[in-house]
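In my numbering, the protein residues as written are 1240 to 1613.
The beta-carbon is built from N, C-alpha and C at its ideal position, and this holds for glycine as well.
Predicted, not measured: the structure shown is a model, and the values here were computed from it.
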Amino acid sequence: MLCYTGLECFRQRVVLSFTSCKRIEISSEKPFQPHHESILSILSTISSGGKTKLSSLEAGQKLELTPGPIKGGNYIFKLPAYKEPFYYLEPLIFLAPISSGPFKVELKGIINKGEPNRWQNLYSDPFVSSLSVYNKIYQLVGIVGSVKATKNYSIIFECIPKRKFEPISYLSPSPISRIRGSIKVISISPAIAHLVANLIKTYFSRLSDNVWIVVDCHKRNEQRPQPFLGLSMIAENKCGVTFTVNRCISPECGLGSIGEIEKIANPRSIDNNVSIKDLAEDMGISASNRLLSEIIIGGWVDSAHQHLLLFFMALGGDHKLGKLIVGNLTGYSVAFLRHLYDFLKVPFSITPFENKFQVSCIGCNYTNILYKID
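Next up, the structure:
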């Protein structure tokens, strides 16, 4: 049994527990939150033969988890919407490829009064392109799967499991060939969205001449009761390298508060010192700078998703050295490398490589014995 203290990297530990079939114990002075319990409920449902025990201590709580094998099938989960949908989706991205059969999950957000709605961005859908990152990563490691969003606060995820994983070797990505983006506004003047789109095109004109930004405008109605301004951009090359960035202005997230949004929705109420143009330009510049920094840092995936490729590197065969070029390793990825060694006993080597880092390892030769190939 592996023992940990604190709720940091909670999802990493739980996912790797199910991957390696090793028991874990997590003690925390702080109580487990509802979203932690939702993750445990999801993983208990998609597995068989496991056991989860949450007990109280004199100071805090303790979780004892005995994992079971992941089983295929169709699942529907209703989850609180005060946590981002990607929080619940990512553990499934890890575990679905090692399930016993075809895997399909629908995640539905439940909107409760008085709680923030983190799924509004998904519903208003400027961030659908962000889901394509998971599809791209699956393509890089040879997994058949797809992630898509629907208009009823839900995400549909499908995956065909694999029996064995080939070592990854991605070293020299080609330059960025195209940049795509989407801007969605609700109850806000379309001129603001077009202003941001033109700013982004000008910003990236020297990097690529293949820049396309889509603008989608909606009026306020019962289904879209609050003003919203969201932006998503994705940069790709011919090899499958993908970098993404998201920005939004909404009542619950992003740059503004409900008061600022209402001012945008009702220009007559705007104070003379507040400029909608400046607010929109700041969002566009912030998103462009973020995406440009990811491109300059380089690597085969952006910093927010690099740990996904590291996971599948660790599962690869032991007949060949796995290699991956990344930009700056994030603290989350470094913690993930430590946990990969704890659970799978896979050490990683990190060496400088042309102003980047080459991460290499010999995989644990993971075999999904539950999945029978027809």
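### Query
Per DSSP, residue 1563 forms a beta bridge with which residues?
Here the question's residue 1563 lines up with position 324 in the sequence shown. Looking at the DSSP assignment, residue 1563 forms a beta bridge with 1409 and 1598.
### Task
Identify which residue in 1414, 1345 and 1411 has its Cα closest to the Cα of residue 1393.
For this step, residue 1393 is matched to residue 154 along the sequence shown. Considering only alpha carbons, the answer is 1345.
### Task
Could you check how far apart the C-beta atoms of residue 1251 and residue 1271 are, in whole angstroms? I think they sit under 8 Å.
Against the sequence shown, residue 1251 aligns to sequence position 12. Against the sequence shown, residue 1271 aligns to sequence position 32. Beta-carbon to beta-carbon, residue 1251 and residue 1271 are separated by about 16 Å, too far to satisfy the 8 Å threshold.
### Message
I'd like the span of the alpha helix (DSSP H) that includes residue 1253, first residue to last.
### Response
Looking up residue 1253 in the sequence shown gives position 14. According to the DSSP assignment, residue 1253 belongs to the alpha helix (DSSP H) that extends over 1249-1259.
#### Entry: Same chain only: Cβ atoms within 6 Å of residue 1313, ignoring 5 sequence neighbours per side
On the sequence shown, position 74 is the one that residue 1313 refers to. Around residue 1313: 1343.
### Query
Can you list, in chain order, the stretches of the beta strand (DSSP E) that have 3 or more residues and sit fully within the stretch 1409-1447?
Whole beta strand (DSSP E) segments, 3+ residues: 1417-1425.
### Query
Between which two residues does the beta strand (DSSP E) containing residue 1243 stretch?
The residue labelled residue 1243 in the question sits at position 4 within the sequence shown. Unbroken beta strand (DSSP E) run through residue 1243: 1241-1244.
### Message
Assuming residue 1315 and residue 1338 are in contact, meaning their beta carbons sit under 8 Å apart, how far apart are those beta carbons, in whole angstroms?
### Response
By 1-based counting over the sequence shown, the position of residue 1315 is 76. By 1-based counting over the sequence shown, the position of residue 1338 is 99. At roughly 16 Å, the Cβ-Cβ gap does not stay under 8 Å, so residue 1315 and residue 1338 are not in contact.
### Query
In angstroms, rounded to a whole number, what distance separates the CA positions of residue 1576 and residue 1398?
Here residue 1576 refers to the residue found at position 337 when the sequence shown is read from its first residue. Here residue 1398 refers to the residue found at position 159 when the sequence shown is read from its first residue. So the two alpha carbons sit approximately 25 Å from each other.
### Query
Going by alpha carbons, who is nearest to residue 1432 out of 1453, 1296 and 1449?
By one-based count along the sequence shown, residue 1432 stands at place 193. The candidate whose alpha carbon is nearest that of residue 1432 is 1453.
### Query
Does the Cβ-Cβ distance between residue 1587 and residue 1600 come in under 7 Å?
To locate residue 1587, count along the sequence shown from 1; it is residue 348. To locate residue 1600, count along the sequence shown from 1; it is residue 361. Result yes, Cβ atoms of residue 1587 and residue 1600 sit closer than 7 Å.
### Message
To the nearest angstrom, how far is the alpha carbon of residue 1260 from that of residue 1335?
### Response
One-based indexing of the sequence shown puts residue 1260 at position 21. One-based indexing of the sequence shown puts residue 1335 at position 96. So the two alpha carbons sit approximately 15 Å from each other.
### Query
Got a sec? Which residues, its chain only, sit under 7 Å from residue 1242 by beta carbon, not counting five neighbours each side?
If you number the sequence shown from 1, residue 1242 lands on position 3. Here the set comprises 1264.
### residue 1298 to residue 1266 span [Cα, whole Å]
Here residue 1298 is taken as the residue at index 59 of the sequence shown, counted from 1. Here residue 1266 is taken as the residue at index 27 of the sequence shown, counted from 1. The C-alpha of residue 1298 lies about 10 Å from the C-alpha of residue 1266.
### Message
Does the structure place the stretch 1524-1544 close enough to the stretch 1552-1571 that three or more beta carbon pairs sit under 8 Å?
### Response
A contact is defined here as three or more CB-CB pairs under 8 Å, and the stretch 1552-1571 meets this definition with respect to the stretch 1524-1544.
### Task
Please check the pair residue 1440 and residue 1469, which I expect to be a contact at CB under 8 Å, by giving their CB distance rounded to whole angstroms.
The sequence position of residue 1440 within the sequence shown is 201, counting from 1. The sequence position of residue 1469 within the sequence shown is 230, counting from 1. Not confirmed; about 18 Å, so no contact.
### Task
Apply the 10 Å Cβ neighbour rule to residue 1573 and answer buried if 16 or more other Cβ atoms are within range, or exposed otherwise.
As a working note, residue 1573 is residue 334 in the sequence shown. That one is exposed.
### Query
Between residue 1475 and residue 1529, is the Cβ-Cβ spacing less than 7 Å?
Working through the sequence shown from its first residue, we reach residue 1475 at position 236. Working through the sequence shown from its first residue, we reach residue 1529 at position 290. Contact flag unset, no.
### Query
Around the C-beta of residue 1552, are 16 or more other C-beta atoms found within 10 angstroms, so that it is buried, or is it exposed?
What you label residue 1552 is simply residue 313 of the sequence shown in a count that begins at 1. With 16 or more other Cβ atoms within 10 Å, it is buried.
### Message
Assuming the contact rule is C-beta atoms closer than 8 Å, residue 1407 and residue 1563 should be a hit. Round their C-beta distance to whole Å, please.
### Response
If you number the sequence shown from 1, residue 1407 lands on position 168. If you number the sequence shown from 1, residue 1563 lands on position 324. With 8 Å as the limit, residue 1407 and residue 1563 qualify as a contact, their Cβ atoms being about 6 Å apart.
### Message
If you reduce the DSSP assignment to three classes, tell me which class residue 1321 lands in.
### Response
As a first step, residue 1321 is located in the sequence shown; it is residue number 82 there, counting from the start. Shown here, residue 1321 sits in coil according to DSSP, grouped into three states, outside any helix or strand.
### Query
To which residues of the same chain is residue 1527 closer than 6 Å at the C-beta, ignoring the five residues directly before and after it?
For the purposes of this step, residue 1527 is taken as the residue at position 288 of the sequence shown. Non-local beta-carbon contacts of residue 1527 in its own chain, meaning distances under 6 Å to residues more than five positions away in sequence, involve 1439 and 1442 in chain order.
### Nearest candidate by alpha-carbon position, reference residue 1437, set 1519, 1293, 1373 and 1283
For the purposes of this step, residue 1437 is taken as residue 198 along the sequence shown, with counting starting at 1. The option with the nearest alpha carbon to residue 1437 is 1519.
### Message
Give me the residue from 1277, 1319, 1597 and 1370 with the minimum Cα distance to residue 1472.
### Response
Reading the sequence shown from its first residue, position 233 is the one you call residue 1472. Checked all of 1277, 1319, 1597 and 1370; the closest Cα to residue 1472 is 1370.
### Message
Could you compute how far the alpha carbon of residue 1373 sits from the alpha carbon of residue 1385?
### Response
Mapped onto the sequence shown, residue 1373 falls at position 134. Mapped onto the sequence shown, residue 1385 falls at position 146. When rounded, the distance between both Cα atoms is 8 Å.
### Message
Measuring straight from C-alpha to C-alpha, what distance separates residue 1405 and residue 1549?
### Response
Here residue 1405 refers to the residue found at position 166 of the sequence shown. Here residue 1549 refers to the residue found at position 310 of the sequence shown. Approximately 13 Å, taken between the alpha carbons.
### Query
Which of the three DSSP states, helix, strand or coil, is assigned to residue 1553?
Residue 1553 sits at position 314 when you count from the first residue of the sequence shown. Look at residue 1553 here: in three-state DSSP terms it is helix.
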